[in-house]
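Presented below is the structure to which this report refers.
Numbering (our numbering), first residue to last: 250 to 572.
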């Protein structure tokens, strides 16, 4: 109480007409709509044991096929591929003599991939073919990003890849696995560029004779490829990009994508005609992904029956109207 005789505390609450009482409380839920009482027996318990590291795949139990670290490394690699594609599509094509109209954006990437494919087979011939045995790649043997992109895409179709290894490219069997972690460790997290080591850079140039980084643009006058004529098999050096009216004509024969595909099929057919154990592309593998030589040879013989008397690639190409 202060000097005036008043207490500094508020007066105690006095219930009156306006004061709430028990009858003013909100009513309880009606019995028909009351929520059910909690029953511990109807709530399933949580499994506190450590999840099993084995997974059922068919009738077998196996360890996880993919880990979080695998996913992170793979996403980093895919990001580098996408960044490479964007840079390629944004690059300017230098045509000093102004012979050709500028390449459209849609044409730049397919052309880049075709050149990368040639570099992949160059890497296989010069680097992988020189390896003494099947094993993982040494760090300096890891190729440039464009070559890795082709190899990665090739592996995405494991049945075709395995058939090509068995039929045409046994050299590829020297490659044990895709070096995902070695590659991802070289990719800058911010720019998504692959940064080669000095040893890697010089090893590629020394063994292949080619520059490490494939130029993002294709110069019409300077960039060429050596390819055999589908008609006479004479090796010609032609530009990757040609004028619309030339069609890559050499000795009066148009070197087109269709002509090159026909020649490849003709070579495959003639090889099977000369080798009783050979099989045509697409006939060797079973639906389970394993080689089935008996089935492959049976299908091959059925197809070869359509070309009686053919003894050379040129004869078969002429059969298709190639010349």
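Cβ atoms here follow ideal geometry from the backbone N, Cα and C, with glycine treated the same way.
Quick one: Cα of residue 473 to Cα of residue 384, how far?
34 Å
For the pair the segment 359 to 372 and the segment 453 to 463, tell me if three or more CB-CB distances fall below 8 Å.
yes
Pull up the distance between the alpha-carbon of residue 424 and that of residue 381, whole angstroms please.
11 Å
Return helix, strand or coil for residue 279, following the three-state DSSP convention.
Confidence in residue 279 is poor, its pLDDT being 41 and thus under 50, which makes the residue's placement unreliable; the coordinate value appears in the next sentence. Correct three-state label for residue 279: coil.
Within the same chain, show all residues whose beta-carbon is closer than 8 Å to that of residue 329, passing over the 5 residues directly before and after it, in chain order.
394, 436, 441, 442, 443
Apply the 10 Å Cβ neighbour rule to residue 404 and answer buried if 16 or more other Cβ atoms are within range, or exposed otherwise.
When all chains shown are included, residue 404 counts as exposed.
Are the Cβ atoms of residue 528 and residue 554 separated by less than 8 Å?
no
Going by alpha carbons, who is nearest to residue 434 out of 426, 391, 422?
Nearest option by C-alpha distance: 391.
Give the range of the beta strand (DSSP E) segment to which residue 475 is assigned.
DSSP places residue 475 in the uninterrupted beta strand (DSSP E) bounded by 473 to 477.
If you draw a straight line from the C-alpha of residue 487 to the C-alpha of residue 505, how long is it?
12 Å
Based on the DSSP output, what are the partners of residue 484 in its beta bridges?
477
Does the segment 407 to 417 come within contact of the segment 524 to 542, defined as at least 3 CB pairs closer than 8 Å?
A contact exists between the segment 407 to 417 and the segment 524 to 542.
DSSP three-state call for residue 535: helix, strand or coil?
Residue state, collapsed to three classes: coil.
Can you grab the Cα-Cα spacing for the pair residue 408 / residue 539, in whole Å?
8 Å
Could you name each continuous beta strand (DSSP E) segment of 3 residues or more that falls completely within the segment 309 to 371, going from the start of the chain to the end?
309 to 311
Helix, strand or coil, according to DSSP, for residue 391 in the structure here?
DSSP places residue 391 in coil when its eight states are reduced to three.
Leaving out the 5 sequence neighbours to the left and right, which residues in its chain are closer than 6 Å to residue 477 when beta-carbon positions are compared?
484
Closest Cβ-Cβ distance between residue 558 and chain C: below 8 Å?
Here chain C cannot be found, since the structure has a single protein chain.
First and last residue of the beta strand (DSSP E) that includes residue 306?
Unbroken beta strand (DSSP E) run through residue 306: 304 to 306.
Per DSSP, residue 424 is paired with what?
384
Hey, is residue 385 close to the ligand MN, as in C-beta under 7 Å from one of its heavy atoms?
With respect to small molecules bound, the structure shown includes none, and the ligand MN cannot be examined in it.
Using only alpha-carbon positions, find the residue among 402, 389, 310 that is nearest to residue 445.
389
In terms of alpha-carbon separation, which member of 353, 520, 479 lies closest to residue 511?
479
What would DSSP say about residue 407, mapped onto helix, strand or coil?
helix
Can you tell me where the alpha helix (DSSP H) with residue 457 in it begins and where it stops?
447 to 457
Helix, strand or coil, according to DSSP, for residue 540 in the structure here?
strand
Excluding the 5 residues flanking residue 558 on each side, which residues of the same chain have their C-beta closer than 7 Å to its C-beta?
For residue 558, where only same-chain residues beyond five positions count, there are no Cβ hits under 7 Å.
Less than 7 Å between C-beta atoms, sequence neighbours within five positions excluded: which residues of the same chain meet that for residue 552?
529
Who does residue 443 pair with in a DSSP beta bridge?
According to DSSP, residue 443 bridges with 436.
Starting from residue 512 and walking both ways along the alpha helix (DSSP H), at which residues does that stretch end?
506 to 523
How is residue 462 classed by DSSP in three states: helix, strand or coil?
coil
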